[in-house]
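Working notes, beginning with the structure itself.
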Amino acid sequence: MPKTQILCPQCKQPIVAEIQQLFDVSQQPEAKRLILSGLFNWVECPHCGYQGPYPTPIVYHDPDKELLLVYVPPELGLSQADQEKVVGPLIERAIQQLPQEKRKAYLLHPQQVLSLRSLQERILEADGITKEMLEAEERRVKLIQRLLQAPESELVNILKAEDELVDSAFLATLSQLIDAALVGEDEASAQRLQKILDLALEHTTEGKRQRAVADAIKDLDRVLRQLGSRVDPETLRRTLLNWLLEDPSEARLQALAALMRPVLDYAFFQQFTERIDQQTDPKAREQLTQVRERLLALTQQMDEYAQKYEQQIRQIIHELTHHPNIEEAVQGILPMVDEYFLQILEDEMERARRRAQLTYVQKLQQVQQAIQKALAPPPEVQFWEKLVAAQTPEERQQIMKEHAALITPDFLKQITLLLAQAEQGGPFAVFKDHLRQIYNELNRFVMQQKLRSDGSS
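Just so you know, we're using the working numbering here: the sequence shown kicks off at 3 and counts up by one.
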């Protein structure tokens with residue numbers, strides 16, 4: 003993006019900076035991420051030291067969501083006429099960048115927002131994330147910050163007082179923060195967060211529910227291990243029904259619905275009905291009927307969720323095929339790419355082939371290739387994996403020749419750190435001799451390459 007001369011918001015001295023006013027998702031896939039992060043039009047003044055955002059009118063355009071938003075910072079004090087002079091050309095540019103068939107009525111009615119926060123909320127609302135959801139997330143974050151700063155003796159009291167706020171999303175956020183701290187090797191933060199999570203599981207309503215379900219899942223896993231992998235369907239249904247009726251708790255019902263949905267078929271519920279009919283006590287019959295109805299409701303919820311999730315994935319895949327830059331668009335959906343996502347993608351390709359939609363098949367293949375490329379380890383990692391897998395020094399020597407350009411000082415530094423970790427213990431300790439041998443061979447190879455290079459010059 004070309005730089006332009008502006009006045010520093012603080013000292014009013016002229017400075018040069020990159021300033022963007024049109025954020026068009028169809029032309030710039032990262033436009034949404036930039037707006038949501040707030041890290042755009044950031045300036046640094048060499049005169050007064052100011053660092054911060056530069057206030058300027060901006061237009062946000064997402065044709066797929068039919069969203070055209072205008073934000074004019076109020077501190078600019080622009081009249082309506084002046085606003086239109088700045089914003090009008092930006093909107094015109096957004097329209098000109100669209101194919102004729104995508105120019106729809108929403109372009110005639112741009113929506114003005116009063117603050118950057120409102121702009122971000124409107125963008126998220128179009129993705130199905132409401133203002134209420136954002137406020138709830140904010141409250142969760144504030145509670146986590148409060149718990150991190152509080153003395154350990156106060157943690158239980160705080161958690162009990164905020165019991166309603168400690169929901170499944172709160173506990174999931176804690177787990178994600180623990181993982182992030184471990185990845186960043188921040189052991190102190192990870193331990194503190196783990197302590198908070200353990201106390202939340204022990205002392206809050208949602209925590210107790212999740213712990214009960216986890217215990218039920220463990221017990222169900224024990225039962226399944228005892229049955230073995232060759233159990234016939236009839237025995238499996240009978241055993242699961244017996245296990246449930248030993249303790250027909252909500253935790254066991256949820257564990258059964260979550261882990262064994264394929265087994266909860268017509269035959270299973272028929273057995274359940276027969277068991278109810280065998281009861282002579284009306285009260286016992288009524289209790290079992292309620293358990294059966296609850297299990298039916300849970301399985302229906304699971305099916306509805308699975309169906310909605312599948313539809314969501316198919317919609318995302320469809321949108322990817324229509325994106326002008328598929329590789330860039332794929333980067334935004336990588337966190338949700340799992341085995342199920344790839345299965346749906348394969349199914350979409352098979353459907354398109356059956357319908358002879360050859361252009362769509364090609365687009366889907368581009369999506370698949372972009373995902374494979376994005377998920378593939380970097381060349382340096384692939385090179386290292388080949389070295390580790392090689393059985394002999396001769397094999398490794400050949401691999402080094404083929405990948406000589408990857409043996410950089412940075413690469414050798416990473417191997418040095420890996421070897422140091424292995425020699426200090428930890429998960430790589432058992433491989434330390436093998437790692438040391440490879441490290442020595444790499445250094446020898448680098449020296450030989452250098453000698454050849456010096457000799458030829």
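No residue lacks a Cβ here, since even glycine has one placed at the ideal position from N, Cα and C.
If you compare the alpha carbons of I328, Y441 and A422 with that of P31, the shortest gap goes to I328.
Relative to A299, the option among T237, A260 and A269 whose CA is nearest is A260. Of the other Cβ atoms in all chains shown, 16 or more fall within 10 Å of the Cβ of Q256; this residue is therefore buried. In this model, A407 and E330 are separated by some 27 Å (Cα to Cα). For G51, the three-state secondary structure derived from DSSP is coil. Excluding the 5 residues flanking it on each side, L242 has same chain C-beta neighbours closer than 7 Å at L258, M262 and V265, in chain order. Of the candidates V332, L173 and A392, the residue whose Cα lies closest to the Cα of R213 is L173. With respect to T207, V168 sits close: the two C-beta atoms are nearer than 9 Å. Across the structure, P57 and C13 are spaced so that their CA atoms are roughly 14 Å apart.
Per DSSP, L116 lies in no alpha helix (DSSP H) and is assigned neither H nor E. Rounded to whole angstroms, the gap between the alpha carbons of A354 and L360 is 7 Å. Q7: member of the beta strand (DSSP E) spanning T6 to L9, first to last residue. For A19, the enclosing beta strand (DSSP E) begins and ends at P16 to A19. With a contact defined as Cβ atoms closer than 8 Å, L347 and L366 qualify at about 7 Å.
L360 sits in a helix when the DSSP states are folded into three classes. Cβ-Cβ distances below 7 Å link D267 to nothing in the same chain once the five nearest sequence neighbours on each side are left out. Between the alpha carbons of E204 and K197 lies a gap of roughly 11 Å.
Counted as a single uninterrupted DSSP element, the stretch harbouring V233 is not any alpha helix (DSSP H), since DSSP gives it neither H nor E. The Cβ atoms of V72 and P59 lie closer than 9 Å to each other. Here the stretch 226-244 lies against the stretch 267-287, with 3 or more beta-carbon pairs under 8 Å apart.
The three-state reading of DSSP puts F413 in helix, counting H, G and I together. Beyond the five residues adjoining it in sequence on each side, Q281 comes within less than 8 Å, by CB distance, of R287 and L290 in the same chain, given in chain order. In the DSSP assignment, Y108 falls outside any alpha helix (DSSP H), carrying neither H nor E. Around the C-beta of L199, 16 or more other C-beta atoms lie within 10 Å, and the residue is accordingly described as buried.
According to the DSSP assignment, E46 belongs to no alpha helix (DSSP H) but to the beta strand (DSSP E) extending over W44 to E46.
By the Cβ-count criterion, G40 is exposed, with fewer than 16 other Cβ atoms from all chains shown falling within 10 Å of its own Cβ. Beta-bridge pairing by DSSP links D26 to H63. Taking C-beta separations shorter than 7 Å and ignoring five residues to either side along the sequence, the partners of Q99 in its chain run D26, S28 and Q29, following chain order. Following the DSSP letters along the chain, one finds V74 in no beta strand (DSSP E), marked with neither H nor E.
Residue V89 holds the alpha-carbon nearest to the alpha-carbon of P75 among D66, E306 and V89. Taken in chain order, the whole alpha helix (DSSP H) runs of length 4 or more contained in the stretch 278-364 are 284-323, 328-333 and 341-356. Straight-line measurement puts the Cα of A431 at about 57 Å from the Cα of L70. Selection L222, K415, Q416 and L437 evaluated against E425 yields L437 as nearest (Cα-Cα). Secondary structure at E248: helix, using DSSP grouped into helix, strand and coil.
With respect to L414, N442 sits apart: the two C-beta atoms are not nearer than 9 Å. The continuous stretches of alpha helix (DSSP H) do not include A406, and DSSP gives it neither H nor E.
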